[in-house]
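Notes for the one structure printed next.
Numbering (the numbering used here), first residue to last: 287 to 1188.
What follows is the structure, encoded as structure tokens:
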């Protein structure tokens, strides 16, 4: 590994880092390829090149040739022998030349180079590259490596995705090489189409373009850089330095050519600037000379339109004509200063314009233009303000005069109207309010009239051309204003006077209405009461009506006094109307009642009073007769009602507490019935009294709680009860004789019937027998029939079983055909087997219960309940469609079970 010292610190730093770097095979490969290409780029100038860097420099001949090419100096004559000593001598001559350039080589000897030591050879070449290709680079006070890095950063700064911070990974994507080429030769590379994520394309593009157009040999392959995590810094620096030298050499040649062209161009430009200045100064001075007289013209115009035209022309001058001249003046000064500066820099004599065209001459002329312009503008504005003031005052006078004339239109006719003479009080008050509003409006318009007069005065003072017409119109307005004021005062007095009279009449109208309304209501109520058809039912009610009527008659004198007072108010109103000649437009606004109506109703009341007296007398007599009929009916009803109630209770006791035989009871009841029927004449007599009460339209009777309807119902219930009780005794006799029931049994049944209390299910069953029609009542006869069936002679369970065995004999089963009317359309369905189960008697001797269940089909079934107590076969639930079925019942004995097959 090589080590070398230089005059600069950067060389020492590079050597320290290179000791480790050269150990990397990838970096050594990159250095070998790069250094070889670099050496060949110089050796080809001498017509030769190397193939293997460590072999071709062993004899020292090409090494010395390389140093002569890159330094431009002649080295000592080389040895031409082939021996080792000759080679060492040549290499030492090369090393001595390098050392003479201020580079101290450390650990690099001629023997290692002659022996083909690759590391020492690469280190020596790197030292030559540093000294002759990199050390002399200087950019902004930095040199060598730092200068080269700064140059790269400055050149690539404008390019996106390029950030050069070192000489290894910053160049890996290839955009740095492309940016350097594009910066100096943009026509060679379309930088906008390059992508950062395609380094192979970028690197190949840069290397190919550099080799083809910039004469920079291809020192590395794109794969060498992309395939290495950190490219070799020495290889990259060598490659980049070739770009630096290529572009800096081209730039020097271009600079020399440009310098010559620049001198010629400056001379031509200076000549053109002198000609332009002379022409521009002449044109500008001529324009100023023509414009100043126009701006100094102060002849005033008589109309606003003419002055506005002048102002518009001046605005066009300011907006259109002057700005280009200002620009020309400014450009003239700029050209003059630029020309003088260029002449001074090129050591040429200063430019001297023609007489009168100096910058100072132009500035003086421009100052005169500005002064004339300023005075002209002030004069225009003052004249326009004056004409505007006149036009404004004239227009203001016309507007205010027109508004005032429009407001006064019709006001004189309104003030001269005599509409108050036929108006009511409310209308007068409305007219007064309206007139007050007009007075307020009139006062408000006083300011406008004064303003009109003031404007006319000002127009006269300013000598307005149309002052005569203004003065005439102002005089008409003032005269009309004075007339309106006088008519307003006159109408105010007339309205107030009329209001006073109408208020007095209105107060009398109001008083008349306040007193006439209740008096009229009283008379109407009195007439209604006197003509009302009263309906009374007692003597007390008619006496109350008579008392109230007498009290009413006592109030008639006071009522007549009130009538006279009300009529007096009306007479007073008529007197005021006649005295002051008030034109009454209508009637009393507070009421529709008039004196004629009051007198007519009063006469009507006086006529109805005696008629009411007669009607009350007649009704009093009728109520006395009704009271007599009430008492007569109540006397009999209070006797018959309790008698019927007593008889009903006696019959109830007889039906429960019957003694003796049924025949004796029947005889006793028939005698009792006869005594009741004998009471009928008293009922008929009571019916007659009730007929009289109904004819008299008597609807209540405070002397009794019994009505004829109560008596009738009670009488009919009495007759029905005695007849039903007799019928029950007769039916009991028939039942007794037919069933053979003893008297003791009947008594026992009677007691059971009176104290009937059974379980809910059993009670429902019994009720379905004794009350099949669901009437809600059970007769004793129905109960007797039920008890007869329940207590009839029954067979025991053993007797039934014995009967079955007798019928079966020695056979296992017995078949009996039970026939009913057959329905051809319906059958019983598939056969089902049902069982008859019974309970065995327990030790206490409990009786057997039978239950037969016949399942006729899946949908219909028939249940039979055999009670050993009553010995009957009862169908509990029979299907509706089995009324016409044929049942074939097979009975068999299987142990303790009785099986029926259907």
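Ideal placement from N, C-alpha and C gives every residue a C-beta, glycine not left out.
Going by DSSP in three states, residue i sits in which element: helix, strand or coil?
i	result
residue 1192	Any answer about residue 1192 is impossible in this case: the structure gives the chain only from 287 up to 1188.
residue 368	coil
residue 386	helix
residue 694	helix
residue 822	coil
residue 391	strand
residue 1172	With a pLDDT of 36 at residue 1172, under the threshold of 50, the predicted position of this residue should be treated as unreliable, and no value is reported.
residue 895	helix
residue 534	helix
residue 1101	Note on residue 1101: pLDDT 39, under 50, position unreliable in the model; no value is reported.
residue 429	strand
residue 424	strand
residue 779	helix
residue 1068	helix
residue 866	helix
residue 515	coil
residue 991	coil
Excluding the five sequence neighbours on either side, which residues of its own chain have a C-beta within less than 8 Å of the C-beta of residue i, listed in chain order?
i	result
residue 636	626, 629, 630
residue 423	429, 430, 433, 434, 437, 527, 530
residue 465	441, 442, 445, 448, 477
Taking all protein chains shown into account, decide if residue i is buried (16 or more other Cβ within 10 angstroms of its Cβ) or exposed.
i	result
residue 1044	Residue placement at residue 1044 is poorly supported in this model, since its pLDDT is 49, which falls under 50; the coordinates still yield a value, given next. When all chains shown are included, residue 1044 counts as exposed.
residue 735	buried
residue 528	buried
residue 342	buried
residue 792	buried
residue 369	exposed
residue 616	exposed
residue 674	exposed
residue 976	buried
residue 756	buried
residue 593	buried
residue 1062	exposed
residue 488	buried
residue 938	exposed
residue 820	exposed
residue 642	exposed
residue 1010	exposed
residue 412	buried
residue 973	exposed
residue 398	buried
Can you name, in chain order, every residue of its own chain whose Cβ lies under 6 Å from the Cβ of residue i, other than the five neighbours on each side?
i	result
residue 533	470
residue 421	430
Less than 9 Å between the C-beta atoms of residue i and residue j, yes or no?
i	j	result
residue 915	residue 828	no
residue 340	residue 380	no
residue 598	residue 661	no
residue 267	residue 795	Look at the range of the chain in this structure, 287 to 1188, and you will see that residue 267 is not part of it.
residue 816	residue 891	yes
residue 518	residue 454	yes
residue 511	residue 522	yes
residue 997	residue 952	no
residue 525	residue 500	no
residue 1190	residue 480	As displayed, the chain neither begins before 287 nor continues past 1188, which places residue 1190 out of reach and without an answer.
residue 750	residue 701	no
residue 376	residue 359	no
residue 805	residue 777	no
Please go through the same chain and pick out, in chain order, the residues whose beta-carbon is closer than 7 Å to the beta-carbon of residue i, but skip the five residues on each side of it.
i	result
residue 912	982, 984
residue 766	694
residue 725	774
residue 978	915
residue 718	781, 785
residue 317	408, 518, 520, 521
residue 567	618, 639, 643, 648
Please report whether the beta-carbon of residue i lies at a distance below 9 Å from any beta-carbon of chain B.
i	result
residue 995	The question asks about chain B, but that chain is absent: this structure has only one protein chain.
request  = Check whether the region 342 to 362 touches the region 551 to 570, counting contact only when three or more Cβ pairs, one atom from each stretch, lie closer than 8 Å.
outcome  = No, the region 342 to 362 does not touch the region 551 to 570.
request  = Report yes or no: do the region 738 to 755 and the region 781 to 789 share at least 3 C-beta pairs separated by less than 8 Å?
outcome  = Because the criterion of three Cβ pairs below 8 Å is not met, the region 738 to 755 and the region 781 to 789 do not touch.
query = Can we say the region 383 to 392 touches the region 481 to 501, given the rule of at least three CB pairs closer than 8 Å?
reply = Under the Cβ criterion (8 Å, minimum of three pairs), the region 383 to 392 does not count as touching the region 481 to 501.
query = How do the region 954 to 962 and the region 894 to 908 stand: do at least 3 beta-carbon pairs fall below 8 Å, yes or no?
reply = Judged by Cβ distances under 8 Å, the region 954 to 962 makes no contact with the region 894 to 908, as fewer than three pairs qualify.
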